[in-house]
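Student: Residue numbers (full-length UniProt numbering): 1 to 71.
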Amino acid sequence: MSIMKLPIEILENSLNSIDDPSDLLALTLACKSLSALIIPENLEYQIIQCGPGDAPVWQQMAEHPLLAMRV
1 MSIMKLPIEI LENSLNSIDD PSDLLALTLA CKSLSALIIP ENLEYQIIQC
51 GPGDAPVWQQ MAEHPLLAMR V
């Protein structure tokens with residue numbers, strides 16, 4: 001059975017559990033369909049560095065909870 005035949009929710013949940021950006025990048029290079037799921041949702045925000053005064057970053061996180069969930 002191909003991984004791409006799994007329900008989208010299972011694929012997304014599995015991808016969200018991968019912490020290493022280099023592993024996610026390897027998946028994007030291996031499969032166009034996985035690439036469409038991974039970029040930008042999983043690679044865009046994994047590690048952020050900011051202080052309490054970085055209002056634009058916190059505003060972005062507040063407006064996009066799915067992105068914030070991946071940090």
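We treat Cβ as the ideally placed atom computed from N, Cα and C, and that holds for glycine.
Which value, in whole angstroms, describes the spacing of the CA atoms of P21 and E9?
Tutor: 20 Å
Student: From which residue to which residue does the alpha helix (DSSP H) around L24 run?
Tutor: 21 to 30
Student: If we count the other Cβ atoms within 10 Å of its Cβ and call it buried at 16 or more, is I38 buried or exposed?
Tutor: buried
Student: Under the three-state reduction of DSSP, which class applies to L15: helix, strand or coil?
Tutor: helix
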